[in-house]
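Colleague: By the working numbering, the letter at position 31 of the sequence shown is numbered 619, and the numbering carries on one by one without gaps.
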Amino acid sequence: MFDSLDALGSALMAQQYIAERGLTTAIYLALKLNKPLFLEGEAGVGKTEIAKVLSRLLNTELIRLQCYEGLDANSALYEWNYAAQMLHLRLLEASGAARNEMETDLFSPQFLMSRPLLRAVEASADGAPPVLLIDEIDRADEEFE
589 MFDSLDALGS
599 ALMAQQYIAE
609 RGLTTAIYLA
619 LKLNKPLFLE
629 GEAGVGKTEI
639 AKVLSRLLNT
649 ELIRLQCYEG
659 LDANSALYEW
669 NYAAQMLHLR
679 LLEASGAARN
689 EMETDLFSPQ
699 FLMSRPLLRA
709 VEASADGAPP
719 VLLIDEIDRA
729 DEEFE
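(1) By a C-beta neighbour count over all protein chains shown, 10 Å radius and 16 as the cutoff for buried, is Thr612 buried or exposed?
(2) Rounded to whole angstroms, what is the Cα-Cα separation between Asp660 and Phe732?
(3) Are there 16 or more other CB atoms within 10 angstroms of the CB of Gly632, so buried, or fewer, so exposed?
(4) What are the boundary residues of the beta strand (DSSP E) that includes Tyr666?
(5) Assign Pro704 to one of two classes, buried (16 or more other C-beta atoms within 10 Å of its C-beta) or exposed (fewer than that).
(6) When DSSP labels each residue in this structure, what does Ile725 get in the three-state scheme?
(7) Alpha carbon to alpha carbon, how far is Ala599 from Tyr666?
(8) I'd like to check one pair, Arg644 with Gln604: are the Cβ atoms closer than 8 Å?
(9) Identify every residue that forms a DSSP beta bridge with Ile606.
(10) Would you report the Cα separation of Arg707 and Ile651, rounded to the nearest angstrom?
(11) Is the stretch 721-729 touching the stretch 690-701, taking contact as three or more C-beta pairs under 8 Å?
(12) From Asn622, Leu642 and Leu625, pick the residue whose C-alpha is nearest to that of Ile606; which is it?
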C-alpha cells in the first residue's frame, strides 16, 4: 500500500488527482487504520472522483449507491427475486417436493439480488474491501439516512 503521505500524494498525482494535504492525510489514516472515510462538501469539489481514483489505486471494485428521494433499505441492501421464486415454487409443486424443501429452496442465495450495501459487505468478506461510494445521501429521505 502506501508507506507515507508523500507516497499517497504522488500516487494520487499520477492518477491526475491533485489533493490538498488535509485530504491526503485523511485518506492515508483511513487506509492505515482500516476505517471508513466520509467526505462531504459542495458539488464539484471531487468527492466522487476521489472514490474512483482510490478504487483504481487500490485495485478494488468501486460500488456506487446513488441516493434519491424514496430510496428504501431494500433498494440499498437486497431484494428477493419474486418472479424467479414463484417459477421455482411452481416447478417444485409440479415435481411433488415436500413443503419444507420448498421453503428452504425459496430463500436460498440463488434468489437473492444483492444491492450496493450488501455487495460491499460480501466483497469485504471475500478479500480486499471495495470502495463504497454513497452519493448524494442528502437527497435520500430522512428515514433512510
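The beta-carbon is built from N, C-alpha and C at its ideal position, and this holds for glycine as well.
Modeller: Straight from the coordinates:
(1) In the sequence shown, counting from the first residue as 1, residue 612 sits at position 24. Buried, because 16 or more other Cβ atoms sit within 10 Å of the Cβ of Thr612.
(2) Position 72 of the sequence shown, counted from the first residue, corresponds to residue 660. Position 144 of the sequence shown, counted from the first residue, corresponds to residue 732. Looking at the two C-alpha atoms, the distance is approximately 6 Å.
(3) For the purposes of this step, residue 632 is taken as residue 44 along the sequence shown, with counting starting at 1. By the 10 Å Cβ count, Gly632 comes out exposed.
(4) Residue 666 sits at position 78 when you count from the first residue of the sequence shown. Note, Tyr666: beta strand (DSSP E), Tyr666 to Trp668.
(5) By 1-based counting over the sequence shown, the position of residue 704 is 116. Pro704 comes out buried.
(6) Start at 1 with the first residue of the sequence shown, and residue 725 comes out as number 137. The answer is helix: DSSP assigns Ile725 an H, G or I state.
(7) Looking up residue 599 in the sequence shown gives position 11. Looking up residue 666 in the sequence shown gives position 78. Cα-Cα distance, rounded: 35 Å.
(8) Mapped onto the sequence shown, residue 604 falls at position 16. Mapped onto the sequence shown, residue 644 falls at position 56. Between Gln604 and Arg644, the C-beta spacing is not below 8 Å.
(9) Position 18 of the sequence shown, counting from 1, holds the residue named residue 606. According to DSSP, which records beta bridges pairwise, Ile606 is partnered with nothing at all.
(10) Here residue 707 refers to the residue found at position 119 of the sequence shown. Here residue 651 refers to the residue found at position 63 of the sequence shown. Roughly 8 Å between the two C-alpha positions.
(11) No, because fewer than three Cβ pairs between the stretch 721-729 and the stretch 690-701 fall closer than 8 Å, the two stretches do not touch.
(12) For the purposes of this step, residue 606 is taken as the residue at position 18 of the sequence shown. Out of Asn622, Leu642 and Leu625, Leu642 has the C-alpha closest to the C-alpha of Ile606.
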